[in-house]
Amino acid sequence: MDTRRLLRTPAAAFVAAGLFLSGCTSSGPGSDPNPGAGSVDQAALAAYYGQKPAWHACEVPGFQCATMKAPLDYAKPDGAQIKLAVARKKATGPGKRLGSLLVNPGGPGGSAIEYLQSYAGIGYPAQVRARYDMAAMDPRGVARSEPVDCLTDRQMDAYTEVDQTPDDAAEVSNLTTAYKKFSQGCETHAAKVLPHVSTVDAARDMDIFRAVLGDKKLSYVGASYGTFLGATYAGLYPKNTGRIVLDGAMDPSLSARDLNLQQTAGFETAFESFARDCVKQAQCPLGTTSVPAAENRLKDFFKQLDGKPLPTGQSRKLTESLGTTGVIAAMYDKSAWPQLRQALRSGLTGDGAALLTLADSYYERGQDGAYSNLMYANSAVNCLDLPPAFTGPDQVKAALPAFEKASPVFGDGLAWASLNCSYWPVKATGTAHRIEAGGAAPIVVVGTTRDPATPYRWARSLASQLDSGRLLTFEGDGHTAYGRGSDCIDTAINTYLLDGTPPAKGKKCT
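Numbering (my numbering), first residue to last: 3 to 512.
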(Lines of atoms letter the chains of each structure in order from A and count residues from 1; the text may use other names and numbers.)
(Lines give C-alpha, C1' and ligand atoms only; values in the text may rest on other atoms or scores of the structure.)
Protein backbone atom coordinates (compact mmCIF):
# COMPACT_ATOMS: atom_id res chain seq x y z
CA MET A 1 0.00 0.00 0.00
CA ASP A 2 1.04 3.59 -0.52
CA THR A 3 3.68 3.02 -3.19
CA ARG A 4 3.20 6.51 -4.59
CA ARG A 5 6.46 8.12 -5.60
CA LEU A 6 8.70 6.11 -3.28
CA LEU A 7 11.88 6.71 -5.25
CA ARG A 8 15.12 5.39 -3.84
CA THR A 9 18.04 3.28 -5.00
CA PRO A 10 17.86 -0.50 -4.68
CA ALA A 11 20.96 -0.37 -2.47
CA ALA A 12 19.14 1.89 -0.02
CA ALA A 13 16.06 -0.32 0.02
CA PHE A 14 17.73 -3.67 0.45
CA VAL A 15 20.54 -2.58 2.74
CA ALA A 16 17.90 -1.27 5.13
CA ALA A 17 16.21 -4.65 5.14
CA GLY A 18 19.47 -6.60 5.37
CA LEU A 19 18.84 -8.40 2.09
CA PHE A 20 21.91 -7.41 0.05
CA LEU A 21 24.87 -5.06 -0.06
CA SER A 22 26.27 -4.91 -3.02
CA GLY A 23 41.06 21.31 -0.53
CA CYS A 24 38.72 24.28 -0.96
CA THR A 25 37.79 27.38 1.02
CA SER A 26 34.28 28.10 2.17
CA SER A 27 32.07 30.56 0.36
CA GLY A 28 29.04 32.26 1.82
CA PRO A 29 25.40 32.08 0.74
CA GLY A 30 24.83 31.72 -2.96
CA SER A 31 22.25 33.48 -5.08
CA ASP A 32 18.65 32.32 -4.81
CA PRO A 33 17.28 32.93 -8.30
CA ASN A 34 14.24 30.66 -8.22
CA PRO A 35 11.23 33.03 -8.14
CA GLY A 36 8.87 30.22 -7.18
CA ALA A 37 10.85 29.24 -4.12
CA GLY A 38 9.81 32.13 -1.89
CA SER A 39 11.77 35.10 -0.63
CA VAL A 40 14.86 34.41 1.46
CA ASP A 41 17.07 36.98 3.16
CA GLN A 42 20.44 35.50 2.27
CA ALA A 43 22.39 38.00 4.39
CA ALA A 44 20.49 36.81 7.46
CA LEU A 45 21.84 33.29 6.86
CA ALA A 46 25.50 34.25 7.28
CA ALA A 47 25.75 32.72 10.74
CA TYR A 48 24.44 29.42 9.45
CA TYR A 49 26.98 29.38 6.63
CA GLY A 50 29.80 30.10 9.05
CA GLN A 51 28.98 27.46 11.67
CA LYS A 52 31.60 24.90 12.68
CA PRO A 53 30.04 21.56 13.62
CA ALA A 54 31.75 19.42 16.24
CA TRP A 55 32.77 16.35 14.27
CA HIS A 56 33.17 13.13 16.21
CA ALA A 57 33.54 9.43 15.46
CA CYS A 58 30.32 7.76 14.34
CA GLU A 59 29.19 4.41 15.65
CA VAL A 60 30.30 3.02 12.29
CA PRO A 61 34.12 2.97 12.24
CA GLY A 62 35.83 5.24 9.72
CA PHE A 63 33.06 7.84 9.57
CA GLN A 64 32.66 11.19 11.30
CA CYS A 65 29.28 12.49 12.45
CA ALA A 66 27.96 15.87 13.54
CA THR A 67 24.87 18.04 13.58
CA MET A 68 24.42 21.37 11.89
CA LYS A 69 21.71 23.98 12.26
CA ALA A 70 19.40 25.52 9.68
CA PRO A 71 16.37 27.78 9.93
CA LEU A 72 13.17 25.84 10.44
CA ASP A 73 11.48 28.41 8.19
CA TYR A 74 13.71 30.12 5.64
CA ALA A 75 11.25 32.99 5.48
CA LYS A 76 12.11 33.63 9.15
CA PRO A 77 15.86 32.96 9.39
CA ASP A 78 16.05 34.56 12.83
CA GLY A 79 13.34 32.30 14.18
CA ALA A 80 13.25 28.65 15.23
CA GLN A 81 16.02 26.30 14.14
CA ILE A 82 16.16 22.69 13.03
CA LYS A 83 19.06 20.33 13.72
CA LEU A 84 20.28 18.25 10.80
CA ALA A 85 22.42 15.12 11.09
CA VAL A 86 25.47 15.02 8.81
CA ALA A 87 28.30 12.56 8.25
CA ARG A 88 31.46 12.20 6.21
CA LYS A 89 34.35 9.89 5.46
CA LYS A 90 37.59 11.63 4.66
CA ALA A 91 39.33 11.04 1.35
CA THR A 92 41.74 8.13 1.54
CA GLY A 93 44.20 9.20 -1.18
CA PRO A 94 46.35 8.97 -3.18
CA GLY A 95 45.81 11.91 -5.47
CA LYS A 96 44.81 15.51 -5.00
CA ARG A 97 41.67 15.95 -2.91
CA LEU A 98 38.73 17.21 -4.99
CA GLY A 99 36.54 18.38 -2.13
CA SER A 100 33.41 16.71 -0.79
CA LEU A 101 31.01 14.48 -2.68
CA LEU A 102 27.52 14.65 -1.22
CA VAL A 103 25.29 11.59 -1.82
CA ASN A 104 21.56 11.04 -1.49
CA PRO A 105 19.77 7.72 -2.20
CA GLY A 106 16.28 9.12 -2.76
CA GLY A 107 12.95 8.46 -1.14
CA PRO A 108 11.99 11.05 -0.25
CA GLY A 109 12.64 9.66 3.18
CA GLY A 110 15.71 7.50 2.59
CA SER A 111 18.51 8.04 5.08
CA ALA A 112 21.50 9.50 3.27
CA ILE A 113 23.73 8.80 6.27
CA GLU A 114 22.78 5.13 6.36
CA TYR A 115 23.37 4.97 2.60
CA LEU A 116 26.79 6.58 3.03
CA GLN A 117 27.85 4.26 5.83
CA SER A 118 26.51 1.02 4.39
CA TYR A 119 27.16 1.54 0.69
CA ALA A 120 28.50 4.77 -0.82
CA GLY A 121 31.31 5.30 1.70
CA ILE A 122 32.64 1.77 1.22
CA GLY A 123 31.20 0.67 -2.13
CA TYR A 124 31.73 3.63 -4.45
CA PRO A 125 34.74 3.19 -6.76
CA ALA A 126 38.02 3.37 -4.86
CA GLN A 127 39.38 6.11 -7.10
CA VAL A 128 36.39 8.31 -6.26
CA ARG A 129 36.66 7.68 -2.51
CA ALA A 130 40.39 8.33 -2.71
CA ARG A 131 39.92 11.91 -3.86
CA TYR A 132 36.63 13.00 -2.34
CA ASP A 133 35.46 13.28 1.22
CA MET A 134 32.27 11.24 0.98
CA ALA A 135 29.49 13.15 2.74
CA ALA A 136 25.79 12.87 3.54
CA MET A 137 23.04 14.81 5.25
CA ASP A 138 19.77 13.28 6.36
CA PRO A 139 17.25 15.78 4.94
CA ARG A 140 14.98 17.54 7.40
CA GLY A 141 12.24 15.24 8.63
CA VAL A 142 14.23 12.11 7.72
CA ALA A 143 15.91 9.51 9.96
CA ARG A 144 18.30 11.40 12.27
CA SER A 145 17.17 14.91 11.27
CA GLU A 146 14.11 15.60 13.46
CA PRO A 147 12.17 12.78 11.80
CA VAL A 148 8.50 13.02 10.94
CA ASP A 149 6.52 10.50 12.98
CA CYS A 150 2.93 9.48 12.32
CA LEU A 151 1.86 6.02 13.52
CA THR A 152 2.83 3.35 16.01
CA ASP A 153 4.37 0.23 14.53
CA ARG A 154 1.14 -1.71 15.08
CA GLN A 155 -0.83 1.04 13.37
CA MET A 156 1.62 0.99 10.47
CA ASP A 157 1.17 -2.77 10.13
CA ALA A 158 -2.57 -2.25 9.83
CA TYR A 159 -2.06 0.62 7.37
CA THR A 160 0.02 -1.49 4.98
CA GLU A 161 -2.67 -4.21 4.96
CA VAL A 162 -5.64 -2.03 3.99
CA ASP A 163 -7.24 -3.08 0.69
CA GLN A 164 -5.92 -0.73 -1.99
CA THR A 165 -8.16 -2.04 -4.78
CA PRO A 166 -11.59 -1.29 -3.32
CA ASP A 167 -14.51 -3.16 -4.87
CA ASP A 168 -17.41 -1.32 -3.25
CA ALA A 169 -18.33 1.78 -1.29
CA ALA A 170 -17.45 0.22 2.04
CA GLU A 171 -13.93 -0.64 0.90
CA VAL A 172 -13.48 2.85 -0.55
CA SER A 173 -14.50 4.24 2.83
CA ASN A 174 -12.01 1.97 4.61
CA LEU A 175 -9.20 3.17 2.34
CA THR A 176 -9.98 6.86 2.67
CA THR A 177 -10.31 6.44 6.44
CA ALA A 178 -6.84 4.89 6.51
CA TYR A 179 -5.39 7.83 4.60
CA LYS A 180 -7.12 10.29 6.93
CA LYS A 181 -5.84 8.52 10.05
CA PHE A 182 -2.32 8.49 8.60
CA SER A 183 -2.46 12.22 7.89
CA GLN A 184 -3.97 12.99 11.29
CA GLY A 185 -1.22 10.99 12.96
CA CYS A 186 1.44 13.01 11.16
CA GLU A 187 -0.25 16.24 12.19
CA THR A 188 -0.45 15.10 15.79
CA HIS A 189 3.15 13.97 16.10
CA ALA A 190 5.01 16.24 13.67
CA ALA A 191 3.08 19.52 13.42
CA LYS A 192 6.23 21.60 13.97
CA VAL A 193 8.16 20.30 10.96
CA LEU A 194 5.39 19.34 8.50
CA PRO A 195 5.19 22.78 6.82
CA HIS A 196 8.99 22.93 6.42
CA VAL A 197 10.16 19.66 4.84
CA SER A 198 9.84 20.54 1.16
CA THR A 199 12.52 19.69 -1.37
CA VAL A 200 13.29 23.41 -1.68
CA ASP A 201 13.95 23.56 2.07
CA ALA A 202 16.25 20.53 1.84
CA ALA A 203 18.11 22.02 -1.14
CA ARG A 204 18.76 25.20 0.82
CA ASP A 205 20.08 23.08 3.68
CA MET A 206 22.45 21.45 1.20
CA ASP A 207 23.98 24.81 0.33
CA ILE A 208 24.65 25.50 3.99
CA PHE A 209 26.23 22.05 4.27
CA ARG A 210 28.39 22.80 1.22
CA ALA A 211 29.81 25.85 2.98
CA VAL A 212 30.18 24.01 6.30
CA LEU A 213 32.27 21.38 4.50
CA GLY A 214 34.49 24.13 3.11
CA ASP A 215 33.57 23.72 -0.55
CA LYS A 216 33.08 26.54 -3.04
CA LYS A 217 31.11 24.23 -5.31
CA LEU A 218 28.75 21.37 -4.50
CA SER A 219 29.66 18.02 -6.04
CA TYR A 220 26.80 15.58 -5.71
CA VAL A 221 25.49 12.18 -6.75
CA GLY A 222 21.74 11.98 -6.28
CA ALA A 223 19.75 8.88 -7.13
CA SER A 224 16.03 8.50 -7.72
CA TYR A 225 14.20 11.25 -5.75
CA GLY A 226 17.71 12.52 -5.01
CA THR A 227 17.78 13.71 -8.63
CA PHE A 228 14.89 16.07 -7.94
CA LEU A 229 16.71 17.31 -4.85
CA GLY A 230 19.88 17.85 -6.88
CA ALA A 231 18.09 19.55 -9.77
CA THR A 232 16.26 21.79 -7.31
CA TYR A 233 19.61 22.76 -5.79
CA ALA A 234 21.02 23.56 -9.24
CA GLY A 235 17.99 25.72 -9.99
CA LEU A 236 18.41 27.65 -6.75
CA TYR A 237 22.20 27.93 -6.79
CA PRO A 238 23.51 27.39 -10.34
CA LYS A 239 26.74 29.28 -9.62
CA ASN A 240 27.47 26.96 -6.68
CA THR A 241 27.04 23.72 -8.61
CA GLY A 242 30.12 21.62 -9.28
CA ARG A 243 30.06 18.09 -10.64
CA ILE A 244 26.46 16.92 -10.39
CA VAL A 245 25.22 13.41 -11.32
CA LEU A 246 21.47 12.74 -11.31
CA ASP A 247 20.87 8.99 -11.65
CA GLY A 248 17.33 7.67 -12.20
CA ALA A 249 15.97 11.10 -12.92
CA MET A 250 12.63 12.64 -12.02
CA ASP A 251 10.84 15.15 -14.22
CA PRO A 252 10.01 18.27 -12.16
CA SER A 253 7.65 19.60 -14.84
CA LEU A 254 5.01 16.91 -14.23
CA SER A 255 1.95 17.16 -12.01
CA ALA A 256 1.40 14.59 -9.28
CA ARG A 257 -1.21 12.84 -11.39
CA ASP A 258 1.09 12.56 -14.39
CA LEU A 259 4.00 11.44 -12.24
CA ASN A 260 1.90 8.65 -10.79
CA LEU A 261 0.43 7.63 -14.13
CA GLN A 262 3.81 7.52 -15.85
CA GLN A 263 5.38 5.65 -12.95
CA THR A 264 2.56 3.12 -13.21
CA ALA A 265 3.55 2.55 -16.84
CA GLY A 266 7.16 2.22 -15.69
CA PHE A 267 6.31 -0.62 -13.34
CA GLU A 268 4.41 -2.31 -16.16
CA THR A 269 7.46 -2.06 -18.42
CA ALA A 270 9.65 -3.52 -15.69
CA PHE A 271 7.24 -6.37 -14.95
CA GLU A 272 6.99 -7.28 -18.62
CA SER A 273 10.78 -7.50 -18.73
CA PHE A 274 10.76 -9.75 -15.66
CA ALA A 275 8.00 -11.89 -17.18
CA ARG A 276 9.85 -12.28 -20.50
CA ASP A 277 12.80 -13.62 -18.57
CA CYS A 278 10.66 -15.79 -16.31
CA VAL A 279 8.60 -17.59 -18.96
CA LYS A 280 11.79 -18.81 -20.64
CA GLN A 281 12.63 -20.81 -17.53
CA ALA A 282 11.19 -24.24 -16.89
CA GLN A 283 10.26 -23.45 -13.29
CA CYS A 284 8.65 -20.04 -13.85
CA PRO A 285 5.81 -19.79 -11.31
CA LEU A 286 3.77 -17.68 -13.74
CA GLY A 287 3.89 -20.27 -16.52
CA THR A 288 6.07 -20.76 -19.57
CA THR A 289 3.83 -19.64 -22.41
CA SER A 290 3.77 -15.85 -22.81
CA VAL A 291 4.03 -12.50 -21.04
CA PRO A 292 0.24 -11.86 -21.24
CA ALA A 293 -0.40 -15.28 -19.69
CA ALA A 294 2.07 -14.48 -16.91
CA GLU A 295 0.31 -11.17 -16.27
CA ASN A 296 -3.05 -12.91 -16.07
CA ARG A 297 -1.65 -15.47 -13.66
CA LEU A 298 -0.34 -12.74 -11.38
CA LYS A 299 -3.63 -10.81 -11.54
CA ASP A 300 -5.50 -13.99 -10.57
CA PHE A 301 -3.10 -14.48 -7.67
CA PHE A 302 -3.75 -10.95 -6.43
CA LYS A 303 -7.49 -11.54 -6.65
CA GLN A 304 -7.09 -14.69 -4.57
CA LEU A 305 -5.18 -12.70 -1.95
CA ASP A 306 -7.97 -10.12 -1.94
CA GLY A 307 -10.45 -12.78 -0.97
CA LYS A 308 -8.20 -14.93 1.22
CA PRO A 309 -4.87 -13.63 2.56
CA LEU A 310 -2.11 -16.22 2.89
CA PRO A 311 -0.48 -17.44 6.11
CA THR A 312 3.12 -16.38 6.61
CA GLY A 313 4.19 -18.30 9.68
CA GLN A 314 3.48 -15.30 11.90
CA SER A 315 0.43 -13.37 13.06
CA ARG A 316 0.51 -11.12 9.96
CA LYS A 317 -0.98 -12.51 6.78
CA LEU A 318 -0.11 -11.67 3.18
CA THR A 319 -2.91 -9.44 1.92
CA GLU A 320 -3.37 -8.32 -1.66
CA SER A 321 -1.78 -4.97 -0.82
CA LEU A 322 1.27 -6.55 0.78
CA GLY A 323 1.62 -9.09 -2.02
CA THR A 324 1.50 -6.34 -4.63
CA THR A 325 4.08 -4.32 -2.71
CA GLY A 326 6.35 -7.37 -2.51
CA VAL A 327 6.28 -7.79 -6.29
CA ILE A 328 6.86 -4.07 -6.84
CA ALA A 329 9.84 -4.12 -4.46
CA ALA A 330 11.60 -6.72 -6.61
CA MET A 331 11.14 -4.63 -9.75
CA TYR A 332 13.75 -2.16 -8.51
CA ASP A 333 16.69 -4.49 -9.06
CA LYS A 334 17.19 -7.28 -11.59
CA SER A 335 19.28 -9.17 -9.04
CA ALA A 336 16.07 -9.59 -7.00
CA TRP A 337 14.30 -11.48 -9.81
CA PRO A 338 15.37 -14.95 -8.58
CA GLN A 339 14.11 -14.04 -5.12
CA LEU A 340 10.81 -12.91 -6.62
CA ARG A 341 10.41 -16.11 -8.63
CA GLN A 342 10.90 -18.14 -5.45
CA ALA A 343 8.54 -15.89 -3.49
CA LEU A 344 5.83 -16.22 -6.13
CA ARG A 345 6.35 -19.98 -6.26
CA SER A 346 5.85 -20.15 -2.50
CA GLY A 347 2.88 -17.81 -2.63
CA LEU A 348 1.14 -19.79 -5.33
CA THR A 349 1.48 -22.91 -3.17
CA GLY A 350 0.02 -21.21 -0.11
CA ASP A 351 2.97 -19.69 1.76
CA GLY A 352 3.12 -15.89 1.80
CA ALA A 353 6.25 -15.47 3.95
CA ALA A 354 8.73 -14.68 1.17
CA LEU A 355 6.53 -12.05 -0.46
CA LEU A 356 5.92 -10.51 2.96
CA THR A 357 9.70 -10.24 3.42
CA LEU A 358 9.95 -8.33 0.14
CA ALA A 359 7.11 -6.02 1.15
CA ASP A 360 8.78 -5.37 4.51
CA SER A 361 12.00 -4.42 2.74
CA TYR A 362 10.07 -1.86 0.73
CA TYR A 363 8.55 -0.31 3.85
CA GLU A 364 11.77 -0.59 5.89
CA ARG A 365 10.13 -2.75 8.53
CA GLY A 366 12.69 -4.51 10.70
CA GLN A 367 12.44 -8.07 11.93
CA ASP A 368 11.53 -6.67 15.33
CA GLY A 369 8.43 -5.05 13.84
CA ALA A 370 9.80 -1.51 14.02
CA TYR A 371 9.49 0.76 11.00
CA SER A 372 11.90 3.48 9.96
CA ASN A 373 10.26 6.83 9.29
CA LEU A 374 10.69 6.35 5.51
CA MET A 375 7.00 6.30 4.64
CA TYR A 376 6.13 9.17 6.96
CA ALA A 377 8.81 11.44 5.49
CA ASN A 378 7.89 10.26 2.01
CA SER A 379 4.33 11.52 2.33
CA ALA A 380 5.37 14.68 4.17
CA VAL A 381 7.73 15.76 1.38
CA ASN A 382 5.61 14.61 -1.56
CA CYS A 383 2.45 16.22 -0.25
CA LEU A 384 4.25 19.51 0.29
CA ASP A 385 6.06 19.51 -3.06
CA LEU A 386 2.99 19.15 -5.31
CA PRO A 387 -0.78 19.58 -5.06
CA PRO A 388 -2.50 16.18 -4.70
CA ALA A 389 -3.03 14.00 -7.73
CA PHE A 390 -6.71 13.63 -6.84
CA THR A 391 -9.04 15.46 -4.50
CA GLY A 392 -11.31 12.52 -3.76
CA PRO A 393 -12.44 9.02 -4.69
CA ASP A 394 -14.61 10.17 -7.60
CA GLN A 395 -11.54 11.54 -9.40
CA VAL A 396 -9.72 8.27 -8.83
CA LYS A 397 -12.62 6.31 -10.28
CA ALA A 398 -12.62 8.55 -13.36
CA ALA A 399 -8.87 7.98 -13.82
CA LEU A 400 -8.95 4.20 -13.36
CA PRO A 401 -9.20 3.39 -17.09
CA ALA A 402 -6.04 5.41 -17.81
CA PHE A 403 -4.12 3.76 -14.97
CA GLU A 404 -5.33 0.27 -15.90
CA LYS A 405 -4.30 0.90 -19.50
CA ALA A 406 -0.86 1.98 -18.27
CA SER A 407 -0.59 -1.24 -16.25
CA PRO A 408 -3.15 -4.04 -16.29
CA VAL A 409 -1.32 -5.57 -13.32
CA PHE A 410 -0.65 -2.58 -11.04
CA GLY A 411 -2.85 0.21 -12.40
CA ASP A 412 -5.83 -0.17 -10.08
CA GLY A 413 -3.78 -0.18 -6.89
CA LEU A 414 -1.42 2.60 -7.94
CA ALA A 415 -4.33 4.84 -8.91
CA TRP A 416 -5.87 4.50 -5.46
CA ALA A 417 -2.43 4.95 -3.86
CA SER A 418 -2.30 8.36 -5.52
CA LEU A 419 -5.13 9.55 -3.27
CA ASN A 420 -3.08 9.78 -0.07
CA CYS A 421 -2.18 13.49 -0.28
CA SER A 422 -5.84 14.45 -0.66
CA TYR A 423 -6.23 14.50 3.11
CA TRP A 424 -2.87 16.03 4.03
CA PRO A 425 -3.07 18.62 6.84
CA VAL A 426 -0.63 21.08 5.21
CA LYS A 427 -1.30 22.75 1.88
CA ALA A 428 1.27 22.11 -0.84
CA THR A 429 3.81 24.89 -1.27
CA GLY A 430 5.35 23.64 -4.53
CA THR A 431 4.07 23.29 -8.07
CA ALA A 432 5.20 21.45 -11.17
CA HIS A 433 7.85 23.51 -12.94
CA ARG A 434 10.74 23.29 -15.37
CA ILE A 435 14.27 23.57 -14.00
CA GLU A 436 16.83 25.16 -16.29
CA ALA A 437 19.67 26.07 -13.89
CA GLY A 438 21.20 28.57 -16.29
CA GLY A 439 24.89 29.09 -15.63
CA ALA A 440 25.43 25.74 -13.91
CA ALA A 441 28.38 23.48 -14.74
CA PRO A 442 27.57 20.36 -16.80
CA ILE A 443 24.98 18.18 -15.08
CA VAL A 444 24.98 14.48 -15.99
CA VAL A 445 21.48 12.99 -16.10
CA VAL A 446 21.35 9.18 -16.15
CA GLY A 447 18.32 7.24 -17.40
CA THR A 448 17.67 3.48 -17.56
CA THR A 449 15.45 2.36 -20.41
CA ARG A 450 13.38 -0.12 -18.37
CA ASP A 451 13.48 1.67 -15.04
CA PRO A 452 10.29 0.90 -13.07
CA ALA A 453 10.23 3.84 -10.66
CA THR A 454 11.67 6.69 -12.75
CA PRO A 455 10.74 5.99 -16.37
CA TYR A 456 13.40 6.74 -18.97
CA ARG A 457 11.28 9.52 -20.45
CA TRP A 458 11.80 11.48 -17.24
CA ALA A 459 15.57 11.47 -17.70
CA ARG A 460 15.21 12.65 -21.29
CA SER A 461 12.92 15.44 -20.17
CA LEU A 462 15.12 16.64 -17.30
CA ALA A 463 18.25 16.59 -19.44
CA SER A 464 16.48 18.71 -22.06
CA GLN A 465 15.24 21.21 -19.45
CA LEU A 466 18.63 21.81 -17.84
CA ASP A 467 20.70 24.31 -19.79
CA SER A 468 23.84 22.24 -19.14
CA GLY A 469 22.17 18.81 -18.98
CA ARG A 470 23.98 15.86 -20.55
CA LEU A 471 21.95 12.63 -20.94
CA LEU A 472 23.67 9.29 -20.30
CA THR A 473 21.55 6.25 -21.21
CA PHE A 474 21.71 2.77 -19.75
CA GLU A 475 19.89 0.24 -21.92
CA GLY A 476 18.83 -2.20 -19.26
CA ASP A 477 16.61 -3.17 -16.33
CA GLY A 478 16.27 -1.91 -12.80
CA HIS A 479 16.21 1.41 -11.01
CA THR A 480 19.28 3.66 -11.42
CA ALA A 481 22.51 2.67 -13.19
CA TYR A 482 25.66 3.81 -11.38
CA GLY A 483 27.41 0.97 -9.58
CA ARG A 484 24.98 -1.58 -10.95
CA GLY A 485 27.38 -3.61 -13.10
CA SER A 486 27.81 -1.57 -16.29
CA ASP A 487 31.49 -0.72 -16.81
CA CYS A 488 30.41 1.75 -19.47
CA ILE A 489 28.17 3.70 -17.10
CA ASP A 490 30.64 3.56 -14.22
CA THR A 491 33.56 4.69 -16.36
CA ALA A 492 31.59 7.62 -17.79
CA ILE A 493 30.49 8.83 -14.35
CA ASN A 494 33.86 8.24 -12.70
CA THR A 495 35.60 10.19 -15.46
CA TYR A 496 33.23 13.09 -14.95
CA LEU A 497 33.61 13.08 -11.17
CA LEU A 498 37.41 12.85 -11.32
CA ASP A 499 38.34 15.17 -14.16
CA GLY A 500 35.13 17.05 -14.98
CA THR A 501 34.68 15.69 -18.50
CA PRO A 502 31.00 14.85 -19.06
CA PRO A 503 29.91 11.93 -21.26
CA ALA A 504 29.68 12.55 -24.99
CA LYS A 505 26.28 13.73 -26.19
CA GLY A 506 23.97 10.84 -26.90
CA LYS A 507 26.18 8.28 -25.11
CA LYS A 508 24.46 4.95 -24.51
CA CYS A 509 25.63 1.99 -22.44
CA THR A 510 24.55 -1.58 -21.85
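Positions of the beta carbon are idealized from the N, C-alpha and C atoms, including for glycine.
Proximity winner among the options, relative to residue i (alpha-carbon distances)
i, options, result
"tyrosine 378", "Lys305, Thr190 and Arg131", "Thr190"
"glycine 125", "Thr327, Lys509 and Gly487", "Gly487"
"valine 447", "Thr482, Met70 and Ala419", "Thr482"
"asparagine 384", "Leu421, Lys336 and Tyr117", "Leu421"
"serine 147", "Gln83, Ser175 and Ser185", "Gln83"
"lysine 399", "Ala419, Cys188 and Leu388", "Ala419"
"serine 255", "Gln129, Phe230, Cys188 and Asp489", "Phe230"
"leucine 248", "Asn106, Phe412, Thr503 and Phe65", "Asn106"
"aspartate 159", "Pro389, Ser317, Val88 and Ser221", "Ser317"
"aspartate 362", "Leu220, Asp155 and Ala494", "Asp155"
"valine 88", "Ala171, Ala494, Lys54 and Leu468", "Lys54"
"proline 1", "Ser374, Pro294, Ser175 and Lys71", "Only positions 3 to 512 of the chain appear in the structure, and residue 1 is not among them; the question remains open."
"glycine 143", "Tyr121, Lys182, Thr167 and Val195", "Val195"
"glutamine 119", "Ala145, Asp169 and Gly64", "Gly64"
"arginine 452", "Val329, Lys183 and Glu274", "Glu274"
"proline 294", "Arg212, Cys280, Asp43 and Ala284", "Cys280"
"alanine 122", "Gly413, Pro505, Tyr222 and Thr178", "Tyr222"
"leucine 74", "Gln66, Ala128, Val42 and Lys98", "Val42"
"glutamine 397", "Asp469, Leu468 and Arg259", "Arg259"
"proline 127", "Cys423, Pro505, Ala494 and Ala506", "Ala494"
"methionine 70", "Leu177, Arg212 and Ala236", "Arg212"
"proline 340", "Thr393, Phe276, Val428 and Lys183", "Phe276"
"lysine 183", "Pro427, Lys282 and Val62", "Pro427"
"glutamine 344", "Gln285, Ala506 and Lys507", "Gln285"
"glycine 413", "Asp501, Asn262, Lys429 and Gln369", "Asn262"
"tyrosine 117", "Val62, Val150, Gln44 and Pro149", "Val62"
"threonine 178", "Thr393, Lys507 and Leu220", "Thr393"
Test item: CB-CB of residue i and residue j under 7 Å
i, j, result
"glycine 289", "arginine 299", "yes"
"alanine 68", "proline 141", "no"
"tryptophan 460", "alanine 267", "no"
"leucine 360", "leucine 320", "no"
"glycine 224", "glycine 232", "yes"
"asparagine 380", "proline 197", "no"
"methionine 333", "alanine 296", "no"
"glycine 441", "lysine 241", "yes"
"isoleucine 246", "isoleucine 491", "no"
"alanine 48", "proline 79", "no"
"valine 199", "alanine 382", "yes"
"valine 130", "leucine 474", "no"
"cysteine 152", "glycine 112", "no"
"alanine 391", "aspartate 207", "no"
"tyrosine 161", "alanine 180", "yes"
"phenylalanine 269", "serine 409", "yes"
"proline 287", "leucine 346", "yes"
"lysine 336", "aspartate 479", "yes"
"serine 257", "tyrosine 425", "no"
"threonine 167", "glycine 415", "yes"
"leucine 376", "glutamate 366", "yes"
"glycine 471", "tyrosine 458", "no"
"threonine 513", "leucine 386", "Beyond the ends of the chain as shown, which are 3 and 512, falls residue 513; an answer cannot be given."
"threonine 497", "threonine 503", "yes"
"alanine 401", "alanine 417", "yes"
"aspartate 253", "serine 463", "yes"
"methionine 139", "alanine 172", "no"
"tyrosine 364", "alanine 338", "no"
Distance between beta carbons of residue j and residue i, contact taken as under 8 Å
i, j, result
"alanine 137", "leucine 104", "5 Å"
"glutamate 163", "serine 348", "The Cβ separation is near 19 Å, so there is no contact."
"glycine 108", "tyrosine 227", "4 Å"
"alanine 372", "threonine 314", "The Cβ separation is near 18 Å, so there is no contact."
"tyrosine 76", "isoleucine 210", "With 8 Å as the limit, tyrosine 76 and isoleucine 210 do not qualify as a contact, their Cβ atoms being about 10 Å apart."
"lysine 510", "glutamate 477", "6 Å"
"leucine 307", "glycine 325", "5 Å"
"lysine 301", "valine 411", "6 Å"
"aspartate 353", "leucine 388", "Their Cβ separation, rounded to whole angstroms, is 40 Å, which puts aspartate 353 and leucine 388 out of contact at 8 Å."
"serine 374", "alanine 145", "7 Å"
Minimum Cβ-Cβ distance from residue i to chain D less than 7 Å
i, result
"isoleucine 246", "Within the model displayed, chain D is absent; a lone protein chain is all it includes."
Practice task
Can you check the segment 43 to 123 for any alpha helix (DSSP H) of at least 4 residues that lies completely inside it and give the ranges in chain order?
Solution key: 48 to 51 and 114 to 117
Handout entry: Meets three-Cβ-pair contact criterion under 8 Å: the segment 56 to 63 and the segment 211 to 224
Key = no
Practice task
May I ask you to verify whether the segment 120 to 135 touches the segment 90 to 101, counting CB pairs closer than 8 Å and requiring at least 3?
Solution key: yes
Exercise for the section: Pair every Cβ in the segment 435 to 443 with every Cβ in the segment 395 to 413, then say whether three or more of these pairs are closer than 8 Å. Expected result: no
Problem - Length at least 4, wholly inside the segment 312 to 381: the alpha helix (DSSP H) runs in chain order - result: 322 to 332, 339 to 350 and 355 to 365
Practice task
May I have a chain-ordered list of the alpha helix (DSSP H) segments no shorter than 4 residues that lie completely inside the segment 180 to 244?
Solution key: Runs of the alpha helix (DSSP H) inside the segment 180 to 244: 201 to 214 and 227 to 238.
Handout entry: beta strand (DSSP E) runs wholly inside the segment 430 to 481, at least 3 long, in chain order
Key = Listed in chain order, they are 445 to 452 and 471 to 479.
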